[in-house]
Every structure is written in C-alpha cells, then in structure tokens.
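Enquirer:
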Amino acid sequence: MEKENKIVLKNERNGHVNKLVNELGSWGFFKVIYRNDMLKILGMNILMLILFVPVGYLAYRYLIQVSQFTSRLPVGNAIGFGYAPWLGVGAEISRLTNLAMSELLLWMLAAGAVVGLSVAGGMAIIRDSFWTGRLKVFKAFGRGIVENGVACVVCFVLLVGCVNGIYHASVAMRAFPAWASVLLQVVMWLALAFLTLYVMTFLSVNSTYKQSVGVNLKSAWHILMRYIVSTIFKFIIALLPVALLLLTFGNVIFSFVIAVFAIFGFFYVIFVWQSHMMIIFSIYNPVEKIKIVKRKTQQPKAQAENKTENQTA
96 MEKENKIVLK NERNGHVNKL VNELGSWGFF KVIYRNDMLK ILGMNILMLI
146 LFVPVGYLAY RYLIQVSQFT SRLPVGNAIG FGYAPWLGVG AEISRLTNLA
196 MSELLLWMLA AGAVVGLSVA GGMAIIRDSF WTGRLKVFKA FGRGIVENGV
246 ACVVCFVLLV GCVNGIYHAS VAMRAFPAWA SVLLQVVMWL ALAFLTLYVM
296 TFLSVNSTYK QSVGVNLKSA WHILMRYIVS TIFKFIIALL PVALLLLTFG
346 NVIFSFVIAV FAIFGFFYVI FVWQSHMMII FSIYNPVEKI KIVKRKTQQP
396 KAQAENKTEN QTA
C-alpha cells in the first residue's frame, strides 16, 4: 500500500469523453481500432509525418554535405593519379564532418521542439481511443498539443541537447585511451536511454492526468521503477521500426522500409508505447462496470411479490 500511495494519478483528462471499460491487451485494442477506424490510422500517421519533415530534411542536408566533402577532397590522400600525396586530408575531412554534425545538432534542437508537438498530439489520440474505442484524429491531436505540448517540447529539446553533449564529449575523448573512451561512451548512451525512458513515462502521465509537474514527475518515476521490465520491453518493441530504418540505411530495401514507416510507422511507435501506459493507468483508475439487469428477469420477481401480497391480504 505504501508503494501504491507514491503513485498519484488524479484529475484524469477525460471530461470530453465517455469512458468505456477496456480490458483488452495492446493487440486486442489494435484490432478494435483497425476494424473501426482503419483510414484514421493513416490520417494520424500522415499528420505526425508532417511535423517530422524538419528532421528528415536536416538529416538529408547533412548527408549531402558529407558527400560533398568526400567528393571534393582526395580521400585516398592523393591528387590526380595517386602519386602526389596530400598530407592531413583525413584530418581535414574529419574536421569538416564534425562541423557539419555540430550544425546539424544545433538545428535539431528546433526540430526536436516540433517533434515534441507531434508526440503530444499522438499521445492524446491514443489516450482518447483507449477510453472510447474510436480513433478521433484532429480534435484529439489539437487537444493534446494544448494539454501536453509545452512539456513535450521542453523534454525533447532536453533529449536532443543531451545527444549534442554526448557527441561533443565523444570528440573530446579521442585523446583518451581507446578502452576508456569506449567505456565512457557506452555509459553515457545507456544513461541517455534510461533518461528517454523516464521522460516518455512522464509525458504519458502528463498527457493523461492534470496534476502539477512535480507530482507527475514523481509518479512517473515510481511507475517506471515498479513496471521497469515490461516498460523497457515495450519501449524496445515500439522503437523496432526506427532500428530497422537505421539498419537498412544505404541498403536496397531502405526505400521500401521508409515507405512503410511513412504510412504506418509513427502510429505504431506511439500506439505501442501509449497503449502500454494506458493499461498501467487503468490499474489505478479502473472504470466501474455497470451491471445490466434484463427486464425479463425482473418480471417474475415482481409477480412473486404481488402474489405474496395477495396471499397475506
């Protein structure tokens, strides 16, 4: 009981909907949404895709810059047919690439803010659909931005800033011994992964409950600690399409993978994560089941009461 009291989940943002009992798992919940609102899944994905365009553009711009560096400079440390060496060309390409990456990460801070708005809207869509069994896209998306947009923007800018810091730290650690540099980078990336997990838990809590930021941060921490194994598992499952994109980059099937992701991927990531969190929340805020008594079962009981009254009379 003491642990449960640490998780405070009050003032649900459900005043605009009629909550229904939802005892389905993630797969069963998805089948209901797919059966009822298949086209709206595509609409939600396209809406989120629009707000992810800046990220795609910045990544494409960075790749073009790097390809221009390698095409203009003699990568093989030679000019012409390879008999005139250019000393230090590798260091020059590395310097230019680092500058391009630094510029990319700075612009990604602004892009991260836009992505935060997209995630805020997506979480609200899945939240409302969990309560109602129907997918409402545009109104729920706008409501999510109003309710949770500021928190999402701040958190995603923070995460991008951490990536920026880790990158520059890794550049500085090139002077370290190889084993120390690798060890420190592994620790930093694992810490960032855990921070991302906690931030996403907080944003789900903040999307669903109208409480102070401090209360939601504390509740998110205790939820994460209590359901750490299942939450890590769902987090990994949710990010599988992103991992597939990175693994197939430059491959023959990359264009196919990115096309599928553009059609379905954003919905998948938000759905897997937010539905998991909503199932946890339903443990603490269950919907009371209304027992429906059929009229036929009431009639014999009423007749029996009338018969006893006549007998006593």
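Throughout the sequence shown, residue numbering follows my numbering, covering 96 to 408 in sequence. All residues carry an ideal CB built from backbone N, CA and C; glycine is no exception.
Look at the alpha carbon of Ile385 and the alpha carbon of Phe349, and state the distance between them as a whole number of angstroms.
Expert: Along the sequence shown, read from residue 1 onward, the residue named residue 385 stands at position 290. Along the sequence shown, read from residue 1 onward, the residue named residue 349 stands at position 254. Note that Ile385 has pLDDT 44, beneath the 50 cutoff, so the model's placement of it is unreliable and the number below is only indicative. Each residue's Cα considered, the two are about 50 Å apart.
Enquirer: Can you look up Glu107 in the DSSP assignment and give me helix, strand or coil?
Expert: Position 12 of the sequence shown, counted from the start, is the residue given in the question as residue 107. Three-state DSSP puts Glu107 in a strand.
Enquirer: What do you get for Trp368, buried or exposed, if any count of 16 or more other CB atoms within 10 angstroms of its CB means buried?
Expert: Sequence index remark: in the sequence shown, residue 368 carries index 273 (1-based). When all chains shown are included, Trp368 counts as buried.
Enquirer: Helix, strand or coil, according to DSSP, for Tyr304 in the structure here?
Expert: Residue 304 sits at position 209 when you count from the first residue of the sequence shown. Here Tyr304 sits in strand by DSSP.
Enquirer: Identify whether Asp132 lies in helix, strand or coil by the three-state DSSP scheme.
Expert: Looking up residue 132 in the sequence shown gives position 37. Three-state result, Asp132: coil.
Enquirer: Find the nearest neighbour of Cys247 within the set Phe297, Ile261, Gly237 and Trp226, judged by alpha-carbon distance.
Expert: Along the sequence shown, one-based indexing puts residue 247 at 152. Considering only alpha carbons, the answer is Phe297.
Enquirer: Return the chain-ordered list of same chain residues with a C-beta closer than 6 Å to the C-beta of Met139, the five sequence neighbours on each side being excluded.
Expert: For this step, residue 139 is matched to residue 44 along the sequence shown. Cβ within range, chain order: Ile220, Val232 and Phe362.
Enquirer: Answer with buried or exposed for Ser314, where buried requires no fewer than 16 other C-beta atoms within 10 angstroms of its C-beta.
Expert: Translated into the one-based positions of the sequence shown, residue 314 becomes position 219. The residue is buried, with at least 16 neighbouring Cβ atoms inside 10 Å.
Enquirer: Where does Lys101 sit, in a helix, a strand or coil, going by DSSP?
Expert: Locating residue 101 in the sequence shown gives position 6, where the first residue counts as 1. The answer is helix: DSSP assigns Lys101 an H, G or I state.
Enquirer: Suppose you measure from the CA of Phe229 to the CA of Phe147; what does that come to, to the nearest Å?
Expert: In the sequence shown, residue 229 corresponds to position 134, counting from 1. In the sequence shown, residue 147 corresponds to position 52, counting from 1. Checking the displayed sequence, the identity of residue 229 turns out to be Arg instead of Phe. Near 25 Å, if we compare the C-alpha coordinates of Phe147 and Arg229.
Enquirer: On a Cα-Cα basis, can you pick out the residue from Val161, Ser224 and Ala215 that is closest to Ala195?
Expert: For the purposes of this step, residue 195 is taken as residue 100 along the sequence shown, with counting starting at 1. Of the listed residues, the one whose Cα sits closest to Ala195 is Val161.
Enquirer: Count the CB pairs spanning the region 328-341 and the region 122-137 that are closer than 8 Å, and state whether there are at least three.
Expert: Result no; under three Cβ-Cβ pairs closer than 8 Å.
Enquirer: Count the other C-beta atoms from every protein chain shown that fall within 10 angstroms of the C-beta of His111, then say buried if there are 16 or more, exposed otherwise.
Expert: Taking the sequence shown and counting its residues from 1, one reaches residue 111 at position 16. His111 comes out exposed.
Enquirer: Suppose you measure from the CA of Val310 to the CA of Val252; what does that come to, to the nearest Å?
Expert: Walking along the sequence shown from the start, residue 310 turns up at place 215. Walking along the sequence shown from the start, residue 252 turns up at place 157. Those two C-alpha atoms are separated by around 21 Å.
Enquirer: Does DSSP classify Arg229 as helix, strand or coil?
Expert: Against the sequence shown, residue 229 aligns to sequence position 134. It is coil, neither helix nor strand.
Enquirer: Mark Phe376 as exposed unless 16 or more other C-beta atoms lie within 10 angstroms of its C-beta, in which case mark it buried.
Expert: Position 281 of the sequence shown holds residue 376. It is buried - the Cβ of Phe376 has at least 16 other Cβ atoms within 10 Å.
Enquirer: Rounded to whole angstroms, what is the Cα-Cα separation between Ser276 and Ile128?
Expert: Counting from 1 along the sequence shown, the entry for residue 276 is found at position 181. Counting from 1 along the sequence shown, the entry for residue 128 is found at position 33. Answer to the nearest angstrom: the Cα atoms are 47 Å apart.
Enquirer: How far does the alpha helix (DSSP H) with Met372 in it reach, from first residue to last?
Expert: For the purposes of this step, residue 372 is taken as residue 277 along the sequence shown, with counting starting at 1. Run containing Met372: Phe361 to Tyr379, per the alpha helix (DSSP H) assignment.
Enquirer: Using only the alpha-carbon positions, how far apart do Ile261 and Leu254 sit?
Expert: Here residue 261 refers to the residue found at position 166 of the sequence shown. Here residue 254 refers to the residue found at position 159 of the sequence shown. Near 11 Å, if we compare the C-alpha coordinates of Leu254 and Ile261.
Enquirer: Tell me which same chain residues have a C-beta within less than 7 Å of the C-beta of Thr291, skipping the five on either side of it?
Expert: Mapped onto the sequence shown, residue 291 falls at position 196. Correct list, in chain order: Leu254.
Enquirer: Work out the CA separation of Lys305 and Gly345 for me, nearest whole Å.
Expert: The residue given as residue 345 occupies position 250 in the sequence shown. The residue given as residue 305 occupies position 210 in the sequence shown. If I take the Cα positions, the gap works out to 44 Å.
Enquirer: How big is the Cα-Cα spacing for Ile240 and Tyr293?
Expert: Locating residue 240 in the sequence shown gives position 145, where the first residue counts as 1. Locating residue 293 in the sequence shown gives position 198, where the first residue counts as 1. Their Cα atoms are separated by approximately 20 Å.
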